[in-house]
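Quick notes on the structure that follows.
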Amino acid sequence: MSFLQLTQISKRYLTNGNAIVALHDLSLSVERGEFVVLLGPSGCGKTTLLQIVAGLEPASSGEVLLGGRPISRWGAERTLIFQRPNLFPWLTAEENVAFGLRVAGLEVSQRRRIARQALGRMGLAEAGHLYPHELSGGMQQRVALARALVLDPQVLLMDEPLAAVDALLRSHLQREIRASCAGKTVLFVTHSIREALILADRVVVLSPQPGHVRREIVLDGAAPRPPSLELARLEEEIERGLVIADSTQAQPHLAFPQT
Amino acid sequence: MYKNRAKRGRSSWRSELRRWLLPLVLAILWEASARLALVEPTLLPPLTQVLSRGWLLVRTGRLLGDLAASAWRVLLGFGLALVVAIPGGIALGLYPPLERATALVVSALRPLAPPAWIPLAILWFGIGDAPAVFIIFIGTCSSLLVGTLAATKAVDSQLVKTSLTLGANRWQAVCHVILPSLVPALLTQVRIGFGLAWMCVIAAEMVAVRRGVGFFMVEARNLFRTEDVLVGMMAIAVVGLGTDRLLLGLEKRLCRWRAGLDPARLYAGQE
């Protein structure tokens, strides 16, 4: 039994009277301490899958087990980081990091100390008193990461956290994410093949409409990986596979943006 | 750096002048047209005469007594409306079935102007504070409710979801995310509502009450004391202006976190 076990997850919903199947019979298992990247084009249900694991949306059928027990509704043990940093604009950076500790009932002095340390580890020790609108996009996303990490979640869920970040900053943040998530169980979603290959212990490639697992690639070596010929070859191979798979679909190219 | 500060000093002096220019011009026009008898002085007495009359009424305590009576009704009626409409609006926003169930009643009541309630208020409550408070409550409650409801529905759902995955329960999401999100919109609602409440109280006092600024003005009209009518109007304007400034200051304090739109910066790029 794996640490996080998704069994035959399906998700159907109605839009304008049309039944949409977002996910179909998707099974996936993640070991404790594993960094798994879900890779797939838009519309393959990656985000829906994370929302289901986070408990923000119910699955139509199937089961999610964490540590052998079915998940209930949302909770801090399955924290989700969104594409947008979603910092609370009325709280300073430090208060944002302390938010989860506050709702968990920690004392002010204690949560302030923890939040400060967490910001320090992100290189944001000086930014604690600033409001989100005074921070750059990259800083905001690091605050969001710190805010999730101080809760020490059993599974950290990340929904394309770097999609809106520029390329230079992205590789920097990729290093930071891997460094700060050492030993943590992570489910990370991206549509960038390269990002998946750089970050993951294991890449799970999803196909769209309805979303299901196409293939899994176990990568060796410590992540984040420096660029190499082997990675480039793998990248091309995955891309070709996806394009061929998608050529039967209506919009093959739109479905898979380049990075 | 220093040059900048000097520039800012001068421009603030100028903007202060710009602020007072229009009131000053209007005051001079008023005074002149009355003094030169361009208008009948019994219909529009000169400003200085109105001001000195006002000062007399302030000193004898008559005006302040009436103002206090009106202000007390406004605070009571509007306070009651806030207590009902803000939690109510949030509840309607968070619970759509409730909104659907109340939608017809709320939209039917809203276009009923506050004065339309006056006859009923007198029948129910007679003469005194009660009908005035009731009319203020009725006149402000539904628009506050609709404003709060709209603001609640506009709260960023991603922020709410984020709080949930950080371990908040529903109640904590309401207290720690939805309420703070609503603060700017609610302050605007309160500012608009205060103006509305003053309209209601004057309307009510003109028929249903024996004290208050509205009553003072009606009495003055009956005695053909135009200065007193104008003193009453100016008193309302001054109190309204004061409250609005106070609330604006509060908004500035409470909403420091907002980036906001800074027109000076917006246009700076076009220089």
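Heads up: the protein sequence lines correspond to chains A and B, in order.
So the number in the working numbering is just where the residue sits in the first sequence, counting from 1, plus 20.
So the number in the working numbering is just where the residue sits in the second sequence, counting from 1, plus 364.
Don't be surprised by glycine CBs; every beta carbon is placed ideally from N, CA and C.
Could you please give the first and the last residue of the uninterrupted beta strand (DSSP E) stretch that includes residue i?
{"i": "A39 of chain A", "result": "38 to 50"}
{"i": "F55 of chain A", "result": "55 to 59"}
{"i": "T68 of chain A", "result": "Looking at the DSSP string, T68 of chain A is not in any beta strand (DSSP E); the run it does join, the alpha helix (DSSP H), is 66 to 74."}
{"i": "R198 of chain A", "result": "Here R198 of chain A belongs to no beta strand (DSSP E); instead the alpha helix (DSSP H) covers 187 to 200."}
{"i": "G88 of chain A", "result": "Premise fails: G88 of chain A is in no beta strand (DSSP E) and is neither H nor E."}
{"i": "L207 of chain A", "result": "205 to 210"}
{"i": "L219 of chain A", "result": "No beta strand (DSSP E) holds L219 of chain A; the alpha helix (DSSP H) holding it covers 213 to 219."}
{"i": "R235 of chain A", "result": "232 to 238"}
{"i": "R98 of chain A", "result": "98 to 101"}
{"i": "V538 of chain B", "result": "Here V538 of chain B belongs to no beta strand (DSSP E), and DSSP marks it neither H nor E."}
{"i": "L177 of chain A", "result": "175 to 179"}
{"i": "R93 of chain A", "result": "Unbroken run through R93 of chain A: none, as it is neither H nor E."}
{"i": "L226 of chain A", "result": "222 to 227"}
Starting from residue i, trace the alpha helix (DSSP H) both ways and give me its first and last residue.
{"i": "G557 of chain B", "result": "543 to 569"}
{"i": "D493 of chain B", "result": "493 to 517"}
{"i": "G608 of chain B", "result": "Per the sequence presented here, residue 608 of chain B reads as Asp, with Gly not at that position. D608 of chain B -> alpha helix (DSSP H) spans 590 to 618."}
{"i": "K525 of chain B", "result": "521 to 529"}
{"i": "Q28 of chain A", "result": "Q28 of chain A -> not in any alpha helix (DSSP H); beta strand (DSSP E) instead, spanning 24 to 35."}
{"i": "E146 of chain A", "result": "Here E146 of chain A belongs to no alpha helix (DSSP H), and DSSP marks it neither H nor E."}
{"i": "V573 of chain B", "result": "Premise fails: V573 of chain B is in no alpha helix (DSSP H) and is neither H nor E."}
{"i": "R167 of chain A", "result": "157 to 169"}
{"i": "L121 of chain A", "result": "119 to 123"}
Less than 8 Å between the CB atoms is what I'm expecting for residue i and residue j, so what's the real figure, rounded?
{"i": "A113 of chain A", "j": "G148 of chain A", "result": "5 Å"}
{"i": "V497 of chain B", "j": "G531 of chain B", "result": "About 44 Å; that fails the 8 Å criterion."}
{"i": "L24 of chain A", "j": "V224 of chain A", "result": "The Cβ separation is near 12 Å, so there is no contact."}
{"i": "V163 of chain A", "j": "V117 of chain A", "result": "6 Å"}
{"i": "L456 of chain B", "j": "L513 of chain B", "result": "5 Å"}
{"i": "C201 of chain A", "j": "F102 of chain A", "result": "Their Cβ separation, rounded to whole angstroms, is 16 Å, which puts C201 of chain A and F102 of chain A out of contact at 8 Å."}
{"i": "G105 of chain A", "j": "Y151 of chain A", "result": "As written in the sequence, residue 105 of chain A is Pro, which differs from the Gly given in the question. That belief does not hold up - the Cβ atoms of P105 of chain A and Y151 of chain A are roughly 13 Å apart, past 8 Å."}
{"i": "A449 of chain B", "j": "L508 of chain B", "result": "4 Å"}
{"i": "P478 of chain B", "j": "G452 of chain B", "result": "Going by Cβ atoms, the distance from P478 of chain B to G452 of chain B rounds to 19 Å, so no, they are not a contact pair."}
{"i": "V595 of chain B", "j": "R417 of chain B", "result": "6 Å"}
{"i": "S80 of chain A", "j": "E51 of chain A", "result": "Contact doesn't hold; Cβ gap of about 26 Å is too wide."}
{"i": "I454 of chain B", "j": "A572 of chain B", "result": "Their Cβ separation, rounded to whole angstroms, is 32 Å, which puts I454 of chain B and A572 of chain B out of contact at 8 Å."}
{"i": "G60 of chain A", "j": "H211 of chain A", "result": "7 Å"}
{"i": "G120 of chain A", "j": "L171 of chain A", "result": "4 Å"}
What does residue i reach in chain B if we use C-beta pairs closer than 9 Å?
{"i": "T35 of chain A", "result": "The premise fails here: T35 of chain A is roughly 17 Å from chain B at the closest Cβ pair, so nothing lies under 9 Å."}
{"i": "R162 of chain A", "result": "Ordered by position in chain B, no residue passes the 9 Å Cβ test against R162 of chain A, which lies about 15 Å from the chain."}
{"i": "L165 of chain A", "result": "Result: empty, since nearest Cβ-Cβ is about 12 Å, beyond 9 Å."}
{"i": "A74 of chain A", "result": "K525, L528, T529"}
Could you list which residues in chain A have their beta carbon closer than 9 Å to that of residue i, in chain order?
{"i": "R622 of chain B", "result": "P109, W110, Y151, H153"}
For residue i, go through chain B and note every residue whose CB falls closer than 8 Å to its CB, in chain order.
{"i": "A96 of chain A", "result": "T529, L530, G531"}
{"i": "L171 of chain A", "result": "L530, G531"}
Which residues in chain A have a C-beta closer than 7 Å to the C-beta of residue i? List them in chain order.
{"i": "L523 of chain B", "result": "N106, F108"}
Please list, in chain order, the chain B residues whose beta carbon lies closer than 7 Å to that of residue i.
{"i": "F102 of chain A", "result": "Q522, T526"}
{"i": "T99 of chain A", "result": "T529, L530"}
{"i": "R52 of chain A", "result": "In chain order: nothing, as chain B lies at least about 20 Å away."}
Does residue i have its Cβ less than 8 Å from a Cβ in chain E?
{"i": "R555 of chain B", "result": "The structure shown contains no chain E; its protein chains are A and B."}
* To do: Please list the residues of the stretch 480 to 499 of chain B that have a C-beta atom closer than 8 Å to any C-beta atom in chain A, keeping them in chain order.
  => Of all residues in the stretch 480 to 499 of chain B, none is placed with a Cβ closer than 8 Å to any Cβ belonging to chain A.
* To do: Scan the stretch 404 to 484 of chain B and note each continuous alpha helix (DSSP H) run of 4 residues or more that stays entirely inside, going in chain order.
  => Qualifying alpha helix (DSSP H) stretches, in chain order: 411 to 424, 426 to 458, 460 to 473.
* Residues within the stretch 526 to 543 of chain B neighbouring chain A, beta-carbon criterion of under 8 Å -> Closer than 8 Å at the C-beta level to chain A, one finds these residues of the stretch 526 to 543 of chain B: T526, S527, L528, T529, L530, G531, A532, N533, Q536, H540, V541.
* Which residues, in order along the stretch 117 to 139 of chain A, keep a beta-carbon less than 8 Å from a beta-carbon of chain B? -> Per Cβ criterion, the list reads F119, G120, R122, V123, A124.
* Asked: Taking any Cβ of chain A, which residues in the stretch 550 to 572 of chain B have a Cβ under 9 Å from it, in chain order?
  -> For the stretch 550 to 572 of chain B, no residue has a beta-carbon sitting nearer than 9 Å to a beta-carbon of chain A.
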